[in-house]
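Q: Please see the structure below; I have some questions.
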Amino acid sequence: MVALSEITDAAVFLERVGGLVADEARNNLIVSIAGTIVRDPDVFPDRSMYVVEQSGEPVAASLMTVPYNMILTDALDAEAAALLAEHVFDRGVAIPGVTGNRPTVDAFVEAWEARSGTVAELSMRQGVFSLEAVEDIAGGPGEARQGVPEDRGFIVEWQLEFAAEALPDEEHDPDAMIEMVERRLSDNGPGGYWLWIDEGEVVSLSGHGGPTASGIRIGPVYTPLHLRGHGYATSVVAHQSQALLGAGYRFCFLYTDLANSTSNEIYRRIGYHQVAESAMYRFD
1 MVALSEITDA
11 AVFLERVGGL
21 VADEARNNLI
31 VSIAGTIVRD
41 PDVFPDRSMY
51 VVEQSGEPVA
61 ASLMTVPYNM
71 ILTDALDAEA
81 AALLAEHVFD
91 RGVAIPGVTG
101 NRPTVDAFVE
111 AWEARSGTVA
121 ELSMRQGVFS
131 LEAVEDIAGG
141 PGEARQGVPE
151 DRGFIVEWQL
161 EFAAEALPDE
171 EHDPDAMIEM
181 VERRLSDNGP
191 GGYWLWIDEG
201 EVVSLSGHGG
211 PTASGIRIGP
221 VYTPLHLRGH
231 GYATSVVAHQ
241 SQALLGAGYR
251 FCFLYTDLAN
261 STSNEIYRRI
271 GYHQVAESAM
281 YRFD
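full-length UniProt numbering numbers the first residue of the sequence shown as 1 and each following residue consecutively.
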């Protein structure tokens with residue numbers, strides 16, 4: 001028997017999905033967002049979490065925080081991913097798009113298109129990368145420091161520039177960006193920023209947040225266009241990754257645009273390796 005359950009408690013959701021998210025690196029996005037909700041239920045007030053169970057065992061699951069894409073766990077198989085899409089659609093849930101690892105997300109999209117009559121558009125192919133040790137590499141000139149609340153203004157500006165460059169067809173809410181930056185710069189959570197400084201000027205930044213039980217996600221990584229080509233991003237991410245491992249995390253995760261061969265090669269040189277391919281789809 002197949003059943004779809006809507007779960008309102010994020011801690012219960014994480015317990016129910018069990019083995020579907022056992023691979024933290026592959027499932028870091030959905031696990032970390034659920035964990036954020038556990039710590040602060042008000043951060044994403046409009047949310048939904050679903051689990052499809054077959055004979056009492058979870059086979060697929062999703063989490064959505066409005067207005068963002070629905071995020072999928074790895075599903076047991078393509079049939080399970082399709083069941084999730086069909087059951088969520090039959091519940092009347094409206095979703096702007098979906099993000100998840102392949103092949104799970106592709107099976108979900110195919111079933112959603114067939115059920116809803118809408119057409120999905122691939123927004124981005126992403127690599128899910130993980131790191132357990134930082135390689136000793138030569139970076140650019142300068143030094144690192146952690147971001148502080150006084151850096152809020154330019155960090156918000158640079159994050160909006162990053163979002164516009166990475167996802168030019170998406171709408172980006174400045175107020176939501178300000179809230180996220182302020183939350184990361186506060187002393188109340190695990191998030192933060194590392195900055196690279198060359199000759200007294202901030203030349204690159206890299207954020208982090210969304211911890212799982214053993215790891216934490218890096219991003220966004222941004223260097224203004226006129227400052228690129230000097231190894232600044234390589235330096236700041238390497239330093240940040242080492243600092244986070246030194247703070248007790250077993251590994252760091254990050255997402256890359258697979259169409260950007262330069263950034264993918266930079267992360268590999270630092271010691272990151274790809275563990276999954278993720279895809280972002282939008283529905284018309």
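Ideal placement from N, C-alpha and C gives every residue a C-beta, glycine not left out.
Hey, which unbroken runs of the beta strand (DSSP E) at 3 residues or more fall wholly within the segment 94 to 149?
A: 97 to 101, 120 to 131 and 143 to 146
Q: In this structure, does DSSP put D151 in helix, strand or coil?
A: helix
Q: For a test of the three-state rule: what should DSSP assign to R269, helix, strand or coil?
A: helix
Q: Can you list, in chain order, the residues of its chain whose CB lies under 8 Å from that of V105, leaving out five sequence neighbours each side?
A: Hits under 8 Å: L72, A81, V98, T99, S278, A279 and Y281.
Q: Please confirm if the segment 4 to 17 is in contact with the segment 142 to 153, defined as three or more CB-CB distances below 8 Å between the two stretches.
A: The count of Cβ pairs closer than 8 Å, one atom from the segment 4 to 17 and one from the segment 142 to 153, stays below three, leaving the stretches out of contact.
Q: What distance in whole Å lies between the Cβ atoms of I95 and M124, which are believed to be in contact at a cut-off of 8 Å?
A: Not really, about 17 Å apart at Cβ, beyond 8 Å.
Q: P141 and L160 - do their beta-carbons sit closer together than 9 Å?
A: no
Q: Would you report the Cα separation of R91 and L254, rounded to the nearest angstrom?
A: Looking at the two C-alpha atoms, the distance is approximately 33 Å.
Q: With the cut-off set at 9 Å, would you say A61 and R16 are in Cβ contact?
A: Cβ distance < 9 Å, so A61 and R16 count as in contact.
Q: Tell me which same chain residues have a C-beta within less than 8 Å of the C-beta of R26, skipping the five on either side of it?
A: For R26, where only same-chain residues beyond five positions count, the Cβ hits under 8 Å are D74, N101, V128, V275 and A276.
Q: Have a look at H208 and S241 and give me their C-alpha separation to the nearest angstrom.
A: 9 Å
Q: Quick check on P58: does DSSP put it in helix, strand or coil?
A: strand
Q: With a 10 Å radius around its C-beta and 16 neighbouring C-beta atoms as the bar for buried, classify S214 as buried or exposed.
A: exposed
Q: Hey, does G140 have any beta-carbon neighbour from chain D nearer than 9 Å?
A: The structure shown contains no chain D; it holds only a single protein chain.
Q: Can you have a look at A144 and say buried or exposed, based on whether 16 or more other CB atoms are within 10 angstroms of its CB?
A: Counting C-beta atoms within 10 angstroms of its own C-beta, A144 has 16 or more neighbours from the protein chains shown and is therefore classed as buried.
Q: Have a look at P45, I33, V21 and S55 and flag the residue whose alpha-carbon is nearest the alpha-carbon of M1.
A: S55
Q: If distances are taken between C-alpha atoms only, which option among P58, F162, P224 and A163 comes closest to V21?
A: P58
Q: By a C-beta neighbour count over all protein chains shown, 10 Å radius and 16 as the cutoff for buried, is G18 buried or exposed?
A: By the 10 Å Cβ count, G18 comes out exposed.
Q: How long is the line joining the alpha carbons of residue 329 and V156, rounded to whole angstroms?
A: Nothing about residue 329 can be read from this structure; the chain reaches only from 1 to 284.
Q: Since S206 sits in a beta bridge, which residues does DSSP pair it with?
A: W194 and V221
Q: Is the beta carbon of A166 sitting closer than 9 Å to the one on D257?
A: yes
Q: Whose C-beta lies closer than 6 Å to the C-beta of A3 among residues of the same chain, with five residues either side of it excluded?
A: E53
Q: For E135 and R269, which I take to be in contact (beta-carbon distance under 8 Å), what is that distance rounded to the nearest angstrom?
A: The Cβ separation is near 6 Å, so the contact holds.
Q: Restricting to Cα atoms, I'd like to know which of V66, A111 and T65 is closest to E86.
A: A111
Q: Who are M70's beta bridge partners in DSSP?
A: M64 and V98
Q: Give the C-beta separation of E6 and Y68 to the nearest angstrom, bearing in mind that I take them to be a contact with Cβ-Cβ under 8 Å.
A: Wrong, their Cβ atoms sit about 18 Å apart, outside the cutoff.
Q: For S32, which residues from the same chain have a beta carbon less than 7 Å from its beta carbon, with the 5 sequence-adjacent residues on both sides left out?
A: If you ignore the 5 residues before and after S32, its C-beta comes within less than 7 Å of the C-beta of G210, P211, T212 and R217, all in its own chain and listed in chain order.
Q: Please name the residue, chosen from W158, T262, E199 and H239, that lies closest to Y222 on a Cα-to-Cα basis.
A: W158
Q: Using C-beta distances below 7 Å, list every residue in its chain close to F44, excluding the 5 sequence neighbours before and after it, in chain order.
A: I37 and T65
Q: Expressed to the nearest angstrom, what Euclidean distance is found between the alpha-carbon atoms of A176 and R152?
A: 13 Å
Q: Mapping the DSSP letters down to three states, classify F44 as helix, strand or coil.
A: coil
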